[in-house]
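Residue numbers (full-length UniProt numbering): 1 to 134. The C-beta atom is built at its ideal place from N, Cα and C for all residues, glycine as well.
Dropping the structure here:
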């Protein structure tokens, strides 16, 4: 609900505003010098918006280096076996672990099975979906 962002003072843009802006400019001629700025490992890769325990929306900025560090740690500590062709994504996008659940498998050429919240909350349904997708 966009109204929660308005009330919190957090800057935001609606999908409609972004779509309108994106279609009003030529992709061949970037309008903003920032789009041409060099990226470094400390550059912000993503911003996860969460209200956490406070109920007030806030953006958590994750740098490229933080994401890469976490992914490399995960790959070294919990390597995929040859039989693990399909991985599961079940974590909400507002949690940092979702980044690794999505990008970890994709960067290793694995398929990604996206589970609904309904499935993750029903143990029997979860077991059935996992069995059907082995």
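Ranked by how close their Cα comes to the Cα of residue 118, the residues 54, 127 and 26 have 127 in first place.
Taken in chain order, the complete alpha helix (DSSP H) segments of 4 residues or longer contained in the region 64 to 113 are 64 to 77 and 97 to 107. Sequence-distant Cβ neighbours of residue 52 in its own chain, meaning closer than 8 Å and more than five residues away, are 58.
Membership of residue 50 in the beta strand (DSSP E) is indicated by the continuous run 44 to 50. Residue environment: residue 105 is assigned as buried (16 or more neighbouring CB atoms within 10 Å of its CB, all protein chains considered). Taking 7 Å as the cut-off, the beta carbon of residue 100 is found closer than this to the beta carbon of residue 70. The alpha-carbon separation between residue 50 and residue 96 amounts to approximately 10 Å. Sequence-distant Cβ neighbours of residue 125 in its own chain, meaning closer than 6 Å and more than five residues away, are 119. Secondary structure at residue 62: strand, using DSSP grouped into helix, strand and coil. DSSP places residue 128 within a helical segment (H, G or I) once states are collapsed to three.
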